[in-house]
Structures are given as structure tokens and as C-alpha cells.
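Only one structure is covered here, and it is reproduced in the block below.
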Amino acid sequence: MFYNINRFHIFVLITWQFSIFFASQMIYPIFANYIPQWRCSVNQSFSNNCTIFLSCKDSIQFSEIAFFSAALEYDWICGASAYWASLFSQIQFLGVLLGTIITGTLSDIFGRHPLALISLTCGIIVSFCSGTI
1 MFYNINRFHI FVLITWQFSI FFASQMIYPI FANYIPQWRC SVNQSFSNNC TIFLSCKDSI
61 QFSEIAFFSA ALEYDWICGA SAYWASLFSQ IQFLGVLLGT IITGTLSDIF GRHPLALISL
121 TCGIIVSFCS GTI
């Protein structure tokens with residue numbers, strides 16, 4: 001093979017790609033809760049002031065929407081529904097905390113290797129299923 005690449009290098013590459021894949025799930029709340037700045041009319045400057053947003057909710061103009069986050073789609077910006085964006089992140093990190101505690105305890109009982117394979121397999125299946133729904 002080129003550059004003396006052997007099975008170990010291929011194994012490390014695949015393992016590294018899976019590590020990146022699972023680590024990227026930890027930054028998901030950053031993109032889910034993204035809210036760009038807004039303004040009420042053309043003559044105003046962009047800001048994150050909730051009083052402006054609530055006073056003219058029907059004529060809001062957002063500045064450079066890079067992508068549509070869950071906060072934008074479900075209107076978790078200001079007012080009574082703004083706490084949903086925070087709750088969204090907290091639920092995700094609560095799942096990470098519980099998963100870490102449960103997986104750590106089970107790995108003490110059954111060993112790290114079998115539990116790592118089961119966790120990776122379940123993570124891959126759930127990630128692909130959530131992407132197709």
C-alpha cells in the first residue's frame with residue numbers, strides 16, 4: 001500500500017471518524033438554540049432586545065440567518081416560550097449525565113470493551129434513525 005499504510009492505520013482512521021461523529025453530538029445545542037439578531041423596521045439597528053421583538057412580532061427582520069435552528073422554527077426567542085431553548089439543552093445534557101453514570105456502572109460489571117461496542121452500536125443506530133424521521 002502507499003505510504004506504508006497497514007491495517008492499524010485504517011483502524012485508527014475509522015475509530016477517529018467515529019470519535020468525531022459522537023463528539024459532534026455534544027455541540028448540537030449550540031446549533032439548536034441559535035438565534036440571530038433582529039430588528040423591527042428598516043431604520044433600526046439589529047439587536048437582541050426582547051421588548052422590540054414582542055412589540056412588533058409580525059414584522060421582525062432577522063440579520064443573516066445562517067441556518068434555521070429549533071429556536072427559530074418553534075419561536076423560542078422571547079416571551080413565555082423562551083425557556084424551551086434552555087430546557088432543550090438541559091434535557092440533552094441530562095441524558096449525557098445519566099448515560100455516563102449508567103454506562104460507567106455497567107462497564108465496571110461487564111467490562112469496558114463489550115459495553116463500548118454496545119454503546120457505539122446503539123449510538124450509530126439511533127443517530128441514523130433520528131436523521132430519517
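1 is the number of the first residue of the sequence shown in the UniProt record's numbering; add one for each residue after it.
Ideal placement from N, C-alpha and C gives every residue a C-beta, glycine not left out.
None of the values given here were measured: they were computed from a predicted structure.
Please report the straight-line C-alpha distance between residue i and residue j, rounded to a whole angstrom.
{"i": "residue 78", "j": "residue 61", "result": "15 Å"}
{"i": "residue 46", "j": "residue 84", "result": "23 Å"}
{"i": "residue 32", "j": "residue 4", "result": "42 Å"}
{"i": "residue 72", "j": "residue 124", "result": "28 Å"}
{"i": "residue 106", "j": "residue 81", "result": "38 Å"}
{"i": "residue 112", "j": "residue 119", "result": "10 Å"}
{"i": "residue 40", "j": "residue 55", "result": "8 Å"}
Count the other CB atoms, across all protein chains shown, that sit within 10 Å of the CB of residue i; report buried if there are 16 or more and exposed otherwise.
{"i": "residue 2", "result": "exposed"}
{"i": "residue 67", "result": "exposed"}
Thinking C-alpha only, which one of the options is nearest residue i?
{"i": "residue 75", "options": "8, 34 and 13", "result": "34"}
What are the start and end residues of the alpha helix (DSSP H) that includes residue i?
{"i": "residue 41", "result": "Note, residue 41: premise wrong, no alpha helix (DSSP H); not H, not E."}
{"i": "residue 89", "result": "83-110"}
{"i": "residue 27", "result": "Here residue 27 belongs to no alpha helix (DSSP H), and DSSP marks it neither H nor E."}
Problem set entry | Three CB pairs or more closer than 8 Å across the segment 88-95 and the segment 4-18 | no
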